[in-house]
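To start, the structure under review is shown below, and the notes come after it.
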Amino acid sequence: MDLVWQCLMDSSFIKKLNLSYCYLYEIPGELSQLYFLEELSLSGNKFTCLPDSLCQLSKLKVLELKDCTRLVALKELPTSIAMLIMDNCKSLESLGDMLTTKYKWLHEVSFSNCFKLTKNEQRSSSSRSSGFADMLLRTMLQVSI
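In this text, residue positions in the sequence shown follow the numbering used here: the first is 61, and each later residue adds one.
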């Protein structure tokens, strides 16, 4: 697999990369060297977290993490992110700082069947009666105003 990663790193002008269902247990930090990457699909892999260096992908607009059933938490993402698809991430418990206004380009999100996330985010919203979807929508509308 090291040879594959080396070939990828030598192709730093890649704009779209699909590593879905490759049985990856971790995402190498070297991925951040793909400076021109705009779309990244890591769906169906076995990792529990994303590398911190992912936020260095300043041109990344689309991140697809469907069926990453072991993914527990999101950390910081690039502020350029516009579309985040995380359906069926059944172990996902936290979105980190996703509910802040720094993601001003974010306009499409999908968290279908992320049951642990919904429960945790509702619990952390204290006494407010709004659910996770309401909080996310409110955050996205604040950015638009």
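C-beta: ideal position from N, C-alpha, C; glycine also. If you're wondering where the values come from, they're calculated on a predicted model, not measured in any experiment.
Quick one: give me the first and last residue of the beta strand (DSSP E) that residue i is part of.
{"i": "M146", "result": "Neither: M146 is in no beta strand (DSSP E) and is coded neither H nor E."}
{"i": "S170", "result": "E168 to S170"}
{"i": "S101", "result": "E99 to S101"}
Report all residues from its chain with a CB closer than 7 Å to the CB of residue i; omit the five preceding and five following residues, and keep chain order.
{"i": "S92", "result": "S113, L114, Q116 and L117"}
Under the three-state reduction of DSSP, which class applies to residue i: helix, strand or coil?
{"i": "S92", "result": "helix"}
{"i": "K76", "result": "strand"}
{"i": "S140", "result": "coil"}
{"i": "L123", "result": "strand"}
{"i": "S118", "result": "coil"}
CB-CB under 8 Å to residue i, same chain, minus the five flanking residues each way: which ones, in chain order?
{"i": "K176", "result": "K150, S151, L152 and E153"}
Would you please state the rounded distance, in angstroms, between the beta carbons of residue i and residue j? I believe it to be under 8 Å.
{"i": "L110", "j": "I74", "result": "That pair is no contact at about 18 Å."}
{"i": "D147", "j": "N173", "result": "6 Å"}
{"i": "L77", "j": "L97", "result": "6 Å"}
Skipping 5 residues on each side, what residues in its chain have a beta carbon closer than 6 Å to that of residue i?
{"i": "E169", "result": "Residue identity differs from the one stated: residue 169 is Val in this sequence, not Glu. Here the set comprises L144."}
For residue i and residue j, I'd like the C-alpha separation in whole angstroms.
{"i": "R130", "j": "T108", "result": "5 Å"}
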